[in-house]
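**Q** FYI, the numbering for the sequence shown is 254 to 509, going by the numbering used here.
This structure is in structure tokens; I'll ask about it shortly.
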Amino acid sequence: MRLSNTVLRGLAVVGFVLSCTCARADGLADLKSALTRLQGQTPLKAVLEISRSSRQGEGKDMEETISKAAVTLEDGARGLQVLYGKDLLARVEAEANAKEKDAKAKTPTLSALGDIGAGEVRPMILAAGTLARRMEKAVFKSEVVQAYAGKPARLLSFEFPLESLPERDRKYVKKYEGSLDIWIAADGTPLASHSKDKVSGSAYVVISFESNNDEQSVYSVVGQRLITVHKEAKSSGSGAGEKGESHVIKTLTPQA
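Take a look at the structure:
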């Protein structure tokens, strides 16, 4: 008798659940173990592509910017190196010249490159350490069996307390909600994550503000290194009569 794909997938999930139960698996412990194991320094060469769109203001005063850029990066014995192609540098030069002549000239390439500095690249190529640090400020809430991308997985859910915000910012915050979900494989390896936070408050009594952030990441393993191969971040905020929003997508493609 030949079983259908639907039945086979169902049996796979059941098998995954039973294996976890029999081994009395602790998802949080498995995740922490995997994050320790995947902080290796395996040499990495990859192409990083970024797409950014942003809006500032409303109505006729709204300014919209759409930008794209791609660089090649290498991380190895000599440290992190980011290589900028000649076409990219030519666009940067043209935008810089246009800006010099007209202060209102748009510079989409320069804007995109602002998201490819070492501070933005490092969390993607060293994803295990990045996740571990985020979890230090989070409170573990639950673990459930939940498939990811059609494959058996476990979902670990966390919440961020107000204390996870920088101390200097807390005095301005009236309401804060923060969460982090991480899907892990049977051995604890992170597959994906989804974080959200919402902050509202006031500064200097009369200035109210609100911000919302939503970030989704997909992970992969290169040797002994966990990397973020896809990251999508959406943010919006308002305050002092101004509104703005941005949507940034980063894709990291390892090269042979």
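Note that the Cβ used here is the ideal one computed from N, Cα and C, for glycine as well.
DSSP puts I303 in a beta bridge; with which residues?
**A** Here residue 303 is taken as the residue at index 50 of the sequence shown, counted from 1. The partner list for I303 (beta bridge, DSSP) reads A322, K503.
**Q** Around the C-beta of R305, are 16 or more other C-beta atoms found within 10 angstroms, so that it is buried, or is it exposed?
**A** The residue given as residue 305 occupies position 52 in the sequence shown. Sixteen is the threshold: when 16 or more other Cβ atoms of the shown chains lie within 10 Å of the Cβ of R305, as they do, the residue is buried.
**Q** State the start and end residues of the unbroken beta strand (DSSP E) segment that holds P443.
**A** Translated into positions along the sequence shown, residue 443 becomes position 190. Segment 443 to 456, the beta strand (DSSP E) holding P443.
**Q** So the beta strand (DSSP E) T481 belongs to, where does it begin and stop?
**A** Position 228 of the sequence shown holds residue 481. Note, T481: beta strand (DSSP E), 478 to 492.
**Q** Report the residue from L291, E412, I435 whose alpha carbon sits nearest the alpha carbon of Q477.
**A** Taking the sequence shown and counting its residues from 1, one reaches residue 477 at position 224. When each option's Cα is compared against that of Q477, the closest is L291.
**Q** Could you please give the first and the last residue of the uninterrupted beta strand (DSSP E) stretch that includes L409?
**A** The count along the sequence shown starts at 1 and reaches residue 409 at position 156. Where L409 is concerned, the enclosing beta strand (DSSP E) stretches over 407 to 413.
**Q** According to DSSP, R308 sits in a beta bridge with which residue or residues?
**A** As a position in the sequence shown, residue 308 is number 55, starting the count at 1. The partner list for R308 (beta bridge, DSSP) reads E317, E498.
**Q** Since Y472 and L433 should fall inside the 8 Å C-beta cutoff, what is the C-beta to C-beta distance between them, to a whole number of angstroms?
**A** Residue mapping note: residue 472 aligns to position 219 of the sequence shown, counting from 1. Residue mapping note: residue 433 aligns to position 180 of the sequence shown, counting from 1. Actually they are not in contact, since the Cβ atoms of Y472 and L433 sit about 14 Å apart, beyond 8 Å.
**Q** Rounding to the nearest angstrom, what Cα-Cα distance links E316 and A287 in this structure?
**A** The sequence position of residue 316 within the sequence shown is 63, counting from 1. The sequence position of residue 287 within the sequence shown is 34, counting from 1. C-alpha separation (whole angstroms): 44 Å.
**Q** Specify, as a first and last residue, the run of the alpha helix (DSSP H) that K390 falls within.
**A** For this step, residue 390 is matched to residue 137 along the sequence shown. Careful: K390 lies outside any alpha helix (DSSP H) and carries neither H nor E.
**Q** Look at the alpha carbon of M253 and the alpha carbon of D355, and state the distance between them as a whole number of angstroms.
**A** Any property of residue 253 remains undetermined from this structure, which presents the chain solely from 254 to 509.
**Q** For L399 and E468, I'd like the C-alpha separation in whole angstroms.
**A** Along the sequence shown, read from residue 1 onward, the residue named residue 399 stands at position 146. Along the sequence shown, read from residue 1 onward, the residue named residue 468 stands at position 215. The sequence given here has Gln at residue 399, not Leu. Going from the Cα of Q399 to the Cα of E468 covers about 19 Å.
**Q** Mapping the DSSP letters down to three states, classify D368 as helix, strand or coil.
**A** As a first step, residue 368 must be located in the sequence shown, where it is residue number 115. In the displayed model, D368 falls within coil according to three-state DSSP, outside both helix and strand.
**Q** Thinking C-alpha only, which one of T442, S461, P419 is nearest K427?
**A** Here residue 427 refers to the residue found at position 174 of the sequence shown. Of T442, S461, P419, the residue nearest in Cα terms is S461.
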